[in-house]
Each structure stands twice: as C-alpha cells, then as structure tokens.
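Colleague: Next up is a structure, given as structure tokens.
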Amino acid sequence: MPQPPSAVSRDEPVIRDRGDACPGALRLHAADDGYLARVRIPGGALTARQGSLLALAADRFGDGHLELTSRGNVQVRGLAEGCGAGLAQLLDSAGLLPAPGHERVRNIVATPASQDVLPWVRELDRLLCANTRVTALSGRFLFAFDDGRGDVAALEPDITVLGRPGAGERALVRLGPAAAGAVAVAAQDAPRAALLAAEYFLDAADAAGTRAWRVSELPPEHGLDEGEFGARLAAAGIEATREAAVDWPYCPPPQPWGRGPGPGPRGALCVLPPLGRLTTDQWRVLVRVAGHGDGLRITPWRTVILPGAPLGEPVDGPALLEAAGLVVSPDSPWRSVTACTGRPGCAKSLADVRADARALVERARGPLPVHWSGCERRCGHPRGTQWVDVVATQDGYRLSAHGQALPHQPHQPHQQDLRDLADALTAAREITSSPQSPKTQ
Numbered sequence: 079m080p081q082p083p084s085a086v087s088r089d090e091p092v093i094r095d096r097g098d099a100c101p102g103a104l105r106l107h108a109a110d111d112g113y114l115a116r117v118r119i120p121g122g123a124l125t126a127r128q129g130s131l132l133a134l135a136a137d138r139f140g141d142g143h144l145e146l147t148s149r150g151n152v153q154v155r156g157l158a159e160g161c162g163a164g165l166a167q168l169l170d171s172a173g174l175l176p177a178p179g180h181e182r183v184r185n186i187v188a189t190p191a192s193q194d195v196l197p198w199v200r201e202l203d204r205l206l207c208a209n210t211r212v213t214a215l216s217g218r219f220l221f222a223f224d225d226g227r228g229d230v231a232a233l234e235p236d237i238t239v240l241g242r243p244g245a246g247e248r249a250l251v252r253l254g255p256a257a258a259g260a261v262a263v264a265a266q267d268a269p270r271a272a273l274l275a276a277e278y279f280l281d282a283a284d285a286a287g288t289r290a291w292r293v294s295e296l297p298p299e300h301g302l303d304e305g306e307f308g309a310r311l312a313a314a315g316i317e318a319t320r321e322a323a324v325d326w327p328y329c330p331p332p333q334p335w336g337r338g339p340g341p342g343p344r345g346a347l348c349v350l351p352p353l354g355r356l357t358t359d360q361w362r363v364l365v366r367v368a369g370h371g372d373g374l375r376i377t378p379w380r381t382v383i384l385p386g387a388p389l390g391e392p393v394d395g396p397a398l399l400e401a402a403g404l405v406v407s408p409d410s411p412w413r414s415v416t417a418c419t420g421r422p423g424c425a426k427s428l429a430d431v432r433a434d435a436r437a438l439v440e441r442a443r444g445p446l447p448v449h450w451s452g453c454e455r456r457c458g459h460p461r462g463t464q465w466v467d468v469v470a471t472q473d474g475y476r477l478s479a480h481g482q483a484l485p486h487q488p489h490q491p492h493q494q495d496l497r498d499l500a501d502a503l504t505a506a507r508e509i510t511s512s513p514q515s516p517k518t519q
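Residue 490 in this note's numbering sits at position 412 of the sequence shown, with consecutive numbering throughout.
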C-alpha cells in the first residue's frame, strides 16, 4: 500500500535554466513509440460520453491504449506526427480542451469518493481558464481538494484545500506540502482562495528569479507566508483567519472493490487497470458500466471509481469488468505492483518492465509493494520508502527494499527461466524493515 509522504523543505533552492516541457493535449511529447498527449481531467471527473470520445481518440490517432497518470489524468500514446489538429478537434468536442494557454495548468486532484468536492473543482477550473496570469504556471503545479479525510492532501500538492467536516462551512488552504499551518476561509471562497494562492506563488517565483515550478522549489527567503497570504485574501474581499498548527489527516488511497456501498442494485466500484494501462476495448467496458451510473472518477493512484454503478441485474458491473481483465478484487496481486513505461515507449529504458512485471505478478507475491523501473530515474515510483525497487541496468535488474540495496545483484530477467528473479523478488517483498536492521527477515 502506498505510504504517506514526508514533506520536507529543500535545503537548496532549485534553479532552472529552461522552461517546463510537460506534455499536454496540444503540446505533444515525442517518445520512442510516437507522440504522447496528456489530457487534463480536473478532479478526475469524466462523463460516459467524454470517456467514449477518449477511446475514439486513442483508436483514431493513437495505439489503441489509454494510460492513467498519478495526477488523475489520461494519456494517449503512439500518436502520429501531424495528428495534433484532429486530436484537438475531437477533445474540444468532448469538452476536454479549454483555451490553448490553459490546458496544461488544470492539474486538480480531488477526493475521488466524494461528490462534495466537485463544485470546488469545477469553480477553480472555471477561474483558471478565465485568468491570463496563471498561464505562467508549470504543467507540474498541483491543486488538491480534499473532503477532510486526507487522501489527496497527502500527495504533496502545491495548494491544498481541506474540508472540515463538523466545523461548519469553513475550509483550510495550505501553501505548499511542508506547511504546518494553514489559512481558514469560508467554504464558498475556497476556489477563489486557491487561485489567489497560485498567483501569490507566481509573484514569489518571479521575485526569486529561479524559475521555480513548484512551491517547494522556492528559496527560503521567497517562501510563501500565511500572513502575507491572509493579507492578499483580505484585499480581495475574502475573510480569512490563520491557523498556526493543523493536525493534518491521512487516509490511504482507495483499493479495488467490486461491491461498494449503495442502495439496492447500485453502489460504487473501484477498478484497477493493471499497471494503469487499458486497451480501448477495456476502456469501453468501463464506460459502459459508468453509463448506467454517475460517470467515472480517475484517481491519482491509477484506479477508476464508478459511483452509482450497477451491481446486479440487468447489468452486473463487477462481472463485466472482471471479464475484461480489470481488477475489482482487493486480493489481486496487481494492487501492489506498478511500473514505468519502459520499452518500447521510453528511449531511456533498458528493459520492457511491463512485460517482466506481468510475467512475475503471480509468482512473486508479498506484503511490500513493488515498482519496476526501466532506468535510474524510477518514474512513477511509490511514495515513502516501504517498497521494493526493481531497476533495470545494463547487466540485469537490481533490487532494493526500504531504500537499501539487496545482495546477489544483478538478476537477469530475459532468460527463459525466471525462477531466480521470482525467488529474489518474493524474498525482498517479505522484508519487514531496512535490510541492514537485525529485524530483517
């Protein structure tokens, strides 16, 4: 299970000498398997119609697959050069493409099991798209709306809005991932406060001159101050109070389930596509089930929640999803296995990590999560340290657990018999603490 983060301020500021090249739906990224488009889905919320058109985009212009990202967005890969105009037209018809200058700044995650946060998401998205100043935000700047349980607040967002159940119509706004305190505002003012916080960050980044992309990258002398933020809110007509110390909640992410709570034959499903990648046929099964409910919610943990989904006759959602190769069982080994893109999509990768992960998913089970990486960058790895790191090198895979390298390195994955790698990985997933600790098993 992913671990809660330990947000720590940087000792040295990040100084960048280039602009942000984060891909979008209009700014395509050149990969080894063709171009890549990243479609921002604010709050991860999609209608069934929008989901259908995304599948059409992947079939018409891409490689017939859709990928889920750690920001609750969707990627289309294998795009041909020159397809940008057609892709943009299709996405625009689905309501997934705002003004060109804003499409990469709509990075908004939200508690996926909550309907209460969606009005906040929609209002912030509207405010962002009407504001020319925020087009200067990088494609990595992250907003989060948490209903108070602490799931997306734990993702180290740049701006966090936390609901306060039982505390009236108030919400907390946190500046950066490491802040101990926050500013309390009326719940109705939360989206506008989040926008003003982003503008405050841009002013601080301009003053620093380091081209920071994230709040945590600001040098200390230009860090965001809750008192200054409160003054900016007051100047905008928003009543705010400072809370110097907040007991920030933490809630683990949703796990796959096939029979969620709900009245009668309806409920909610949490669906896990193995390795966060679906064929368009699988995606259309998701959309079909979502069409009998309340749409889709893409989560930052590469799962999909289907609220109001049918759980029995005439449409048995769980049975349809399982038949399509999607996971709705909390006992599936896929719930704790992740991987980067690997070969052939990434030029830096030294292995087809997805194929190797599939080959060993049943044979190398264990309590610890495992992440497969095609190179030392370890893209998409879990948070915290309590996981097994499988990294491809020129000589084979190198394994680590709890941040410590394991002996007997490396392991060749491409031999006909994978038993040695399976045995080593199984043993690594059983390690209960640092391999250098006497408690190691």
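Just so you know, even glycine gets a beta-carbon here, dropped at the ideal spot from N, CA and C. Predicted model only: the values in this text are computed from it and were never measured.
For Trp198, collect the residues of the same chain with a Cβ closer than 7 Å to its Cβ; drop the 5 residues on either side in sequence, then sort them by chain order.
Modeller: Start at 1 with the first residue of the sequence shown, and residue 198 comes out as number 120. For Trp198, where only same-chain residues beyond five positions count, the Cβ hits under 7 Å are Phe223, Val239, Ala268, Pro269.
Colleague: On the DSSP letters alone, give me the boundaries of the beta strand (DSSP E) that Leu374 sits inside.
Modeller: Here the question's residue 374 lines up with position 296 in the sequence shown. That run of the beta strand (DSSP E) goes 374-376.
Colleague: Hey, out of Leu134, Tyr328, Val349, Val324, whose CA is closest to Pro334's CA?
Modeller: As a position in the sequence shown, residue 334 is number 256, starting the count at 1. Checking every option, the nearest Cα to that of Pro334 belongs to Val349.
Colleague: Which class does His489 belong to by DSSP, given the choice of helix, strand or coil?
Modeller: The count along the sequence shown starts at 1 and reaches residue 489 at position 411. Strand.
Colleague: So, for Ser407: in the same chain, excluding its five sequence neighbours on each side, which residues have a beta-carbon less than 7 Å away from its beta-carbon?
Modeller: Walking along the sequence shown from the start, residue 407 turns up at place 329. Pro334, Gly336, listed in sequence order.
Colleague: Rounded to a whole number of angstroms, what is the C-alpha to C-alpha distance between Ala312 and Val324?
Modeller: Counted from its first residue, the sequence shown places residue 312 at position 234. Counted from its first residue, the sequence shown places residue 324 at position 246. Distance between the alpha carbons of Ala312 and Val324: 21 Å.
Colleague: Report the option in Pro243, Glu391, Pro396 whose CA atom is closest to the CA atom of Pro327.
Modeller: The count along the sequence shown starts at 1 and reaches residue 327 at position 249. Comparing Cα positions, the closest option is Pro243.
Colleague: When you compare only the Cα positions, how much space is there between Pro341 and Val263?
Modeller: The residue given as residue 341 occupies position 263 in the sequence shown. The residue given as residue 263 occupies position 185 in the sequence shown. Bear in mind that the predicted position of Pro341 carries a pLDDT of just 41, short of 50, making it unreliable; the figure below should be weighed with that in mind. Those two C-alpha atoms are separated by around 35 Å.
Colleague: Can you check DSSP and say which residues form a bridge with Phe221?
Modeller: Taking the first residue of the sequence shown as 1, we reach residue 221 at position 143. According to DSSP, which records beta bridges pairwise, Phe221 is partnered with Ile186, Ile237.
Colleague: Can you check whether the CB of Ala285 is closer than 8 Å to the CB of His300?
Modeller: Counted from its first residue, the sequence shown places residue 300 at position 222. Counted from its first residue, the sequence shown places residue 285 at position 207. Yes, Cβ-Cβ distance for His300 and Ala285 is below 8 Å.
Colleague: What did DSSP end up calling Ala127 once you bin it into helix, strand or coil?
Modeller: Position 49 of the sequence shown, counting from 1, holds the residue named residue 127. Looking at the sequence itself, residue 127 is Arg, so the reference to Ala does not match. Helix at Arg127.
Colleague: Scan the region 86-120 and note each continuous beta strand (DSSP E) run of 3 residues or more that stays entirely inside, going in chain order.
Modeller: The qualifying runs are 107-109, 112-117.
Colleague: Could you tell me the alpha carbon to alpha carbon distance between Ser192 and Ile376, rounded to whole angstroms?
Modeller: Mapped onto the sequence shown, residue 192 falls at position 114. Mapped onto the sequence shown, residue 376 falls at position 298. The alpha-carbon atoms of Ser192 and Ile376 are separated by roughly 12 Å.
Colleague: Would you report the Cα separation of Val415 and Leu503, rounded to the nearest angstrom?
Modeller: Working through the sequence shown from its first residue, we reach residue 415 at position 337. Working through the sequence shown from its first residue, we reach residue 503 at position 425. The straight-line gap from Cα to Cα measures roughly 12 Å.
Colleague: For His143, which three-state DSSP category applies?
Modeller: As a first step, residue 143 is located in the sequence shown; it is residue number 65 there, counting from the start. Residue state, collapsed to three classes: strand.
Colleague: Helix, strand or coil: which one does DSSP assign to Ser414?
Modeller: The residue given as residue 414 occupies position 336 in the sequence shown. It is helical.
Colleague: In terms of DSSP beta bridges, what is Pro385 paired with?
Modeller: Here residue 385 is taken as the residue at index 307 of the sequence shown, counted from 1. Looking at the DSSP assignment, Pro385 forms a beta bridge with Ala346.
Colleague: Which residue comes first and which comes last in the alpha helix (DSSP H) that contains Glu306?
Modeller: Taking the sequence shown and counting its residues from 1, the one referred to as residue 306 is at position 228. Note, Glu306: alpha helix (DSSP H), 304-313.
Colleague: Which whole-angstrom value is the C-beta distance of Arg507 and Leu446, which I expect to be below 8 Å?
Modeller: Along the sequence shown, read from residue 1 onward, the residue named residue 507 stands at position 429. Along the sequence shown, read from residue 1 onward, the residue named residue 446 stands at position 368. Right, the Cβ-Cβ distance comes to about 4 Å (below 8 Å), so this counts as a contact.
Colleague: Taking Glu454 as the reference, which of Ala123, Ala435, Arg443, Val468 has the closest Cα?
Modeller: Taking the sequence shown and counting its residues from 1, the one referred to as residue 454 is at position 376. Looking at the Cα atoms, Val468 is the closest of the given residues.
Colleague: Who are the near neighbours of His180 in its chain, counting only those whose CB is closer than 7 Å to its CB and skipping five residues on each side?
Modeller: As a first step, residue 180 is located in the sequence shown; it is residue number 102 there, counting from the start. If we look at His180 and ignore the five residues flanking it on each side, its Cβ neighbours are Leu206, Cys207, Thr213.
Colleague: Gly452 and Gly420 - do their beta-carbons sit closer together than 8 Å?
Modeller: Translated into positions along the sequence shown, residue 420 becomes position 342. Translated into positions along the sequence shown, residue 452 becomes position 374. Contact: yes.
Colleague: Under the three-state reduction of DSSP, which class applies to Gly481: helix, strand or coil?
Modeller: Looking up residue 481 in the sequence shown gives position 403. Of the three classes helix, strand and coil, the one that applies to Gly481 here is coil, per DSSP.
Colleague: Kindly identify the DSSP beta-bridge partner or partners of Ala59.
Modeller: No answer is possible for residue 59: it lies beyond the span of the chain, which begins at 79 and ends at 519.
Colleague: Counting C-beta neighbours from all protein chains within 10 Å, is the total for Gln472 16 or more, i.e. buried, or is it exposed?
Modeller: Position 394 of the sequence shown, counting from 1, holds the residue named residue 472. Answer is exposed; the Cβ neighbour count stays below 16.
Colleague: Alpha carbon to alpha carbon, how far is Gly129 from Arg252?
Modeller: The residue you call residue 129 lines up with position 51 of the sequence shown. The residue you call residue 252 lines up with position 174 of the sequence shown. The alpha-carbon atoms of Gly129 and Arg252 are separated by roughly 32 Å.
Colleague: In whole angstroms, what is the alpha-carbon distance linking Arg443 and Pro411?
Modeller: As a first step, residue 443 is located in the sequence shown; it is residue number 365 there, counting from the start. As a first step, residue 411 is located in the sequence shown; it is residue number 333 there, counting from the start. For Arg443 and Pro411, the distance between alpha carbons rounds to 7 Å.
Colleague: In terms of residues, what are the limits of the alpha helix (DSSP H) holding Arg248?
Modeller: Here residue 248 corresponds to residue number 170 of the sequence shown, with the count starting at 1. Element bounds for Arg248: not the alpha helix (DSSP H) but the beta strand (DSSP E), 248-253.
Colleague: If you check the beta carbons only, do Gly354 and Leu146 fall under 8 Å apart?
Modeller: Position 276 of the sequence shown, counted from the start, is the residue given in the question as residue 354. Position 68 of the sequence shown, counted from the start, is the residue given in the question as residue 146. In contact: Gly354 and Leu146 (Cβ atoms closer than 8 Å).
Colleague: Alpha carbon to alpha carbon, what distance is there between Pro255 and Val152?
Modeller: Numbered from 1 along the sequence shown, position 74 holds the residue referred to as residue 152. Numbered from 1 along the sequence shown, position 177 holds the residue referred to as residue 255. Cα to Cα, the separation comes out at about 24 Å.
Colleague: Considering Cα atoms alone, identify which of Gln487, His480, Thr463, Val466 is closest to Gly474.
Modeller: Locating residue 474 in the sequence shown gives position 396, where the first residue counts as 1. Comparing Cα positions, the closest option is Gln487.
Colleague: Can you list, in chain order, the residues of its chain with a C-beta nearer than 6 Å to that of Ala85? Leave out the 5 residues immediately preceding and following it.
Modeller: Position 7 of the sequence shown, counting from 1, holds the residue named residue 85. A caution first: Ala85 carries a pLDDT of 42, below 50, which makes its placement in the model too unreliable to give a value.
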